[in-house]
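The structure appears right after this line, and notes come after that.
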């Protein structure tokens, strides 16, 4: 009898190369093919766990029909039937705090060309990837000194993003929920950014789980690969191993 396996992947920088325009990101063709193959194997569940909004993730990732999807670092879930669920909607006070943080980030962005603000169900993000480096650095510092310091705001400082959440949700809590949903005996999680480290930390505590970091940087992951192209190679090996 096959054990129950949960194979979870971040999207940007893992299944898809990082690109300057996030709207143009697409999974590598062989990555998508292997994900579809894995999603049909008995005892295997595939999940995408992203910081993107759920609707945005679906649009760019073209995920397998049976894949579990997690957006906004765990604030949004979608089951294989396509139902969207907000995992932890902000209460009245949190909604007011989110509105304040959003207004402050939008004011910062207006002063620094090339930056933009994205609002999510429980948070708000300042994106700086398209800005010139001096503008990006200045906007980031203003965000860290200003709205990120508001009481009740949870900060995640990732690759060219400053994300502020009013609900304590992260990829670690998302992986715990996915394990509960699937009843998985073991979990693999592959990520590439600071936002994935909380997921790696959760898996370190569970014997039999595996964590993989894509690219450079300090990490709590057990293993490392160099690029999304190497993730494709790993996916091919998983197809062979899980299909036996």
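Residue numbers (the UniProt record's numbering): 1 to 244.
The C-beta atom is built at its ideal place from N, Cα and C for all residues, glycine as well.
Here the structure is a predicted model, which means the values were calculated and not measured.
Item	Value
Inter-residue spacing [alpha-carbon to alpha-carbon] between residue 78 and residue 90	19 Å
DSSP beta-bridge partners of residue 69	48, 78
Stretch-stretch touch, CB-based, cutoff 8 Å, three pairs: the segment 164-178 with the segment 123-141	yes
Straight-line Cα distance separating residue 187 from residue 119	30 Å
Distance, residue 235 Cα to residue 38 Cα	8 Å
Among 219, 40, 147, nearest to residue 117 - alpha-carbon criterion	147
For residue 9, the residue or residues it bridges with in DSSP	48, 190
Residue closest to residue 53, alpha-carbon to alpha-carbon, out of 227, 209, 76, 203	76
Under the three-state DSSP convention, the category residue 180 falls into	helix
Residue 115: first and last residue of the uninterrupted beta strand (DSSP E) it sits in	Looking at the DSSP string, residue 115 is not in any beta strand (DSSP E), and its letter there is neither H nor E.
Buried or exposed by the 16-neighbour rule on C-beta atoms within 10 Å, applied to residue 10	buried
Distance CB(residue 238)-CB(residue 48) smaller than 8 Å	no
Per-residue burial, residue 251 [other beta carbons within 10 Å of its own, 16 or more giving buried]	Residue coverage of the chain in this structure runs from 1 to 244, which leaves residue 251 outside it and unanswerable.
Rounded Cβ spacing between residue 231 and residue 210 (contact assumed at less than 8 Å)	So it is not a contact: roughly 13 Å between Cβ atoms.
Buried or exposed (CB count within 10 angstroms, at least 16 for buried), residue 43	exposed
Neighbourhood of residue 1 by C-beta distance below 6 Å, restricted to the same chain and skipping five residues each side	Any answer about residue 1 is weak, because its pLDDT of 44 lies below 50 and its placement is not dependable; what the coordinates show is given next. No residues qualify anywhere along the chain.
Bridge partner(s) assigned by DSSP for residue 16	12
Buried/exposed call for residue 266, threshold 16 Cβ in 10 Å	Summary: the structure shown does not reach residue 266, with the chain confined to residues 1 through 244, and so no result is reported for it.
Own chain, CB closer than 8 Å to residue 158, minus 5 neighbours either side, in chain order	51, 193, 194, 195
Where residue 198 falls: helix, strand or coil (DSSP)	helix
Spatial neighbours of residue 261 in its chain, beta-carbon cut-off 6 Å, leaving aside the 5 residues before and after	Outside the shown range of the chain, which is 1 to 244, sits residue 261, and nothing can be said about it.
Residue closest to residue 46, alpha-carbon to alpha-carbon, out of 175, 145, 29, 20	175
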